[in-house]
Amino acid sequence: MYAFNSDKFKSTLYCNELGVPYLLPCLFSQHLHENKEGYKISWIGNLDKKSRKKAELTNIHLADTTIKSICSELKKFIVWFEEYSQDKNAIKMKFHHNAPDELLEHYINEVLVVDLCKSEKMVEKALSAIRYYYNFLAYNGFSHLKTIDFTKKARVIAKDNTQTRNAIKYISTNMRATIYNSAGTIRDECLLKNSGECGLRTKENTGILLNDFKVGKMTYQGVKSFFDKIDWEESQNLQVEQLQQEFKYRLQGKYTKGKKSKGGRARWIYIKRDLMLRYKAYYQTERPTSNSNTLFVTNKGHPIGTYQGTRAFTKARKIVLEKQDKGLLPEYFDILEDEHTYHCLRHSFGTDKFYDACIKNGLSFETVSYTHQPYRLVAELLGHTSEKPDVQSQTTSMYIHFCFDKLATEEKVNSSLVLVD
Numbered sequence: 051m052y053a054f055n056s057d058k059f060k061s062t063l064y065c066n067e068l069g070v071p072y073l074l075p076c077l078f079s080q081h082l083h084e085n086k087e088g089y090k091i092s093w094i095g096n097l098d099k100k101s102r103k104k105a106e107l108t109n110i111h112l113a114d115t116t117i118k119s120i121c122s123e124l125k126k127f128i129v130w131f132e133e134y135s136q137d138k139n140a141i142k143m144k145f146h147h148n149a150p151d152e153l154l155e156h157y158i159n160e161v162l163v164v165d166l167c168k169s170e171k172m173v174e175k176a177l178s179a180i181r182y183y184y185n186f187l188a189y190n191g192f193s194h195l196k197t198i199d200f201t202k203k204a205r206v207i208a209k210d211n212t213q214t215r216n217a218i219k220y221i222s223t224n225m226r227a228t229i230y231n232s233a234g235t236i237r238d239e240c241l242l243k244n245s246g247e248c249g250l251r252t253k254e255n256t257g258i259l260l261n262d263f264k265v266g267k268m269t270y271q272g273v274k275s276f277f278d279k280i281d282w283e284e285s286q287n288l289q290v291e292q293l294q295q296e297f298k299y300r301l302q303g304k305y306t307k308g309k310k311s312k313g314g315r316a317r318w319i320y321i322k323r324d325l326m327l328r329y330k331a332y333y334q335t336e337r338p339t340s341n342s343n344t345l346f347v348t349n350k351g352h353p354i355g356t357y358q359g360t361r362a363f364t365k366a367r368k369i370v371l372e373k374q375d376k377g378l379l380p381e382y383f384d385i386l387e388d389e390h391t392y393h394c395l396r397h398s399f400g401t402d403k404f405y406d407a408c409i410k411n412g413l414s415f416e417t418v419s420y421t422h423q424p425y426r427l428v429a430e431l432l433g434h435t436s437e438k439p440d441v442q443s444q445t446t447s448m449y450i451h452f453c454f455d456k457l458a459t460e461e462k463v464n465s466s467l468v469l470v471d
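Taking my numbering as reference, the numbering of the sequence shown is continuous, increasing by one, and the terminal residue is 471.
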């Protein structure tokens with residue numbers, strides 16, 4: 051799905067990957083930008099005999115900043131809606147106009163709060179945008195009035211999400227391995243390792259392609275070429291030291307994080323042989339028949355959605371937390387928290403690379419600035435695009451903080467080791 055600002059229509063427009071517009075979201079956006087107003091439900095009178103309140107829609111003025119926020123949150127909702135409805139015949143974004151109230155509340159209270167760990171403020175912004183959108187549809191006769199609630203239980207969790215944003219985001223190598231081993235499928239194991247071993251965002255998993263591809267005049271290898279390389283090496287009975295231990299893959303900018311619909315910056319990712327072998331095992335034994343060029347697909351053969359990494363982490367986290375609560379993990383392990391997310395695996399990968407680069411360059415990580423090589427290395431590996439010194443300094447400070455967390459977890463492991471004669 052793409053959202054972009056149209057100079058012709060002076061509004062945000064929404065379309066699918068083929069450029070076909072989503073009519074109702076586009077009409078809603080144009081109404082917002084042209085009239086600077088939205089519709090709000092006003093409850094009137096007392097409960098009727100059927101225990102229902104009467105309601106009416108009243109129009110209110112909206113500031114430009116509010117309109118911008120509404121359009122941004124609506125885009126996120128449409129992206130999720132597309133993914134959710136991918137394997138469902140009854141609900142499709144291209145023609146759907148009256149989503150069930152239960153589905154909208156699931157998005158607010160489960161997807162945003164539990165899966166994506168959004169703060170209370172961010173959930174309120176999303177809720178406001180969805181209400182304005184469906185109120186507009188109801189006002190024009192496309193939908194019935196909806197009472198979408200942000201439940202008390204979800205609000206408590208969201209408040210906790212807000213309070214724990216500064217919690218430890220570094221996950222040790224031992225705990226990461228436990229998370230990987232808790233994946234229910236080879237595909238989900240690969241998605242988790244993509245973040246913890248390659249620094250991918252959940253969206254970037256969709257950019258791992260099977261076949262070789264061209265960008266401009268350059269041709270880059272897809273993972274099937276790497277599989278062929280592995281097969282050839284095995285046929286030659288090479289020694290371990292002769293085997294290729296790392297595969298360099300070009301992640302295209304259209305799959306990375308960027309501003310609006312422009313995509314991000316392309317970068318190289320470095321896939322260890324063990325992980326490439328798991329890719330190969332998934333492709334040969336678990337991946338369903340599919341015409342898609344993306345390596346990772348759903349059970350029906352469609353490309354995975356951008357949040358599939360998050361879903362895989364949520365499932366694995368639940369299993370690890372249960373083991374942790376039962377005391378089945380070693381005492382020297384760091385603690386996995388409900389607040390840890392898929393993105394924490396990426397932070398942990400970046401922290402390891404940052405710390406190792408400091409050691410290699412003879413630098414104390416506490417004194418590193420954004421001008422030093424460790425910062426530039428991590429920025430390149432993670433695809434950071436900002437070039438503003440203040441933002442760079444903030445990012446560097448974050449990884450310095452994570453290095454202290456890394457050392458604390460390693461000290462706990464080392465202090466638990468018992469030497470046996």
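Virtual Cβ for every residue (Gly too), placed ideally from N, Cα, C.
8 Å Cβ cutoff met for residue i and residue j
i: I180; j: D151; result: no
i: R361; j: D57; result: no
i: F186; j: G88; result: yes
i: Y382; j: C453; result: no
i: L241; j: Q136; result: no
i: Y183; j: F78; result: yes
i: L431; j: H422; result: no
i: I110; j: K90; result: yes
i: R205; j: E155; result: no
i: K175; j: S119; result: yes
i: N343; j: L260; result: yes
i: K168; j: L177; result: no
i: L112; j: L63; result: no
i: Y72; j: I128; result: yes
i: R328; j: G433; result: no
i: S92; j: T108; result: yes
i: R317; j: L293; result: no
i: K209; j: Y230; result: no
i: E254; j: T201; result: no
i: F192; j: L378; result: no
Top-ranked residue by Cα proximity to residue i, from the options
i: N55; options: E67, Q80 and V70; result: Q80
i: Y270; options: I258, D281 and I280; result: I258
i: I207; options: C65, I158, Y305 and Q294; result: I158
i: P353; options: N464, F78, L288 and E132; result: E132
i: K304; options: F297, T356, L241 and R328; result: T356
i: K495; options: L77, A233 and L293; result: A question about residue 495 goes unanswered here, because the residues of the chain that appear run from 51 up to 471.
i: E336; options: K243, A366, R237 and L73; result: R237
i: N148; options: M51, K196, S275 and L293; result: K196
i: E239; options: E372, E170, M326 and Y449; result: M326
i: M448; options: Y72, V418, Y52 and E461; result: V418
i: M172; options: K365, P71, T348 and E123; result: E123
i: K373; options: F415, T228 and R328; result: T228
i: C394; options: F192, E106, T201 and M225; result: M225
i: T252; options: F363, K330 and A105; result: F363
i: E416; options: P380, L378 and L457; result: L457
i: S256; options: Y52, V347 and C76; result: According to the sequence provided, residue 256 is Thr. The question's Ser does not apply to it. Taking only the C-alpha atoms, the option nearest T256 is V347.
i: C121; options: Y52, C408 and L378; result: Y52
i: Y333; options: L378, V370 and T235; result: T235
i: T339; options: V463, G351 and L345; result: G351
Residues bridged to residue i [DSSP beta-bridge criterion]
i: I354; result: I354 pairs with nothing; no bridge assigned.
i: M268; result: V265
i: H111; result: E87
i: F54; result: L63
i: A105; result: W93
i: L378; result: Per DSSP, none; premise fails for L378.
i: T344; result: L259
Proximity test, residue i beta-carbon vs the ligand SAH heavy atom, cut-off 7 Å
i: F54; result: Only the bare structure without any ligand can be found here, which leaves the ligand SAH out of the picture.
Inset, instruction - May I have a chain-ordered list of the beta strand (DSSP E) segments no shorter than 3 residues that lie completely inside the segment 289-327? - result: DSSP runs (the beta strand (DSSP E)) wholly in the segment 289-327: 296-301 and 317-322.
Inset, instruction - Taking only runs that begin and end inside the segment 68-93, name each unbroken alpha helix (DSSP H) of 4 or more residues, in chain order. - result: Listed in chain order, the complete alpha helix (DSSP H) runs (minimum 4 residues) inside the segment 68-93 are 73-85.
Legend entry - Inter-stretch contact (C-beta, 8 Å, three-pair minimum) for the segment 316-326 and the segment 241-256: Touching, yes.
Inset, instruction - Could you tell me which uninterrupted beta strand (DSSP E) segments, each at least 3 residues in length, are contained entirely in the segment 150-192, listed from first to last along the chain? - result: Counting whole runs of 3 or more residues, the segment 150-192 contains no beta strand (DSSP E) stretch at all.
Inset, instruction - May I ask you to verify whether the segment 379-395 touches the segment 253-271, counting CB pairs closer than 8 Å and requiring at least 3? - result: Output reads no: the segment 253-271 does not touch the segment 379-395.
Legend entry - Cβ contact check for the segment 420-431 and the segment 279-298: 3 or more pairs under 8 Å: The segment 420-431, when compared against the segment 279-298, does not touch it at the 8 Å Cβ threshold.
Legend entry - Inter-stretch contact (C-beta, 8 Å, three-pair minimum) for the segment 219-227 and the segment 392-403: Yes, the segment 219-227 is in contact with the segment 392-403.
Inset, instruction - Give, in chain order, every unbroken run of the alpha helix (DSSP H) that is at least 4 residues long and sits entirely within the segment 370-428. - result: The qualifying runs are 392-410.
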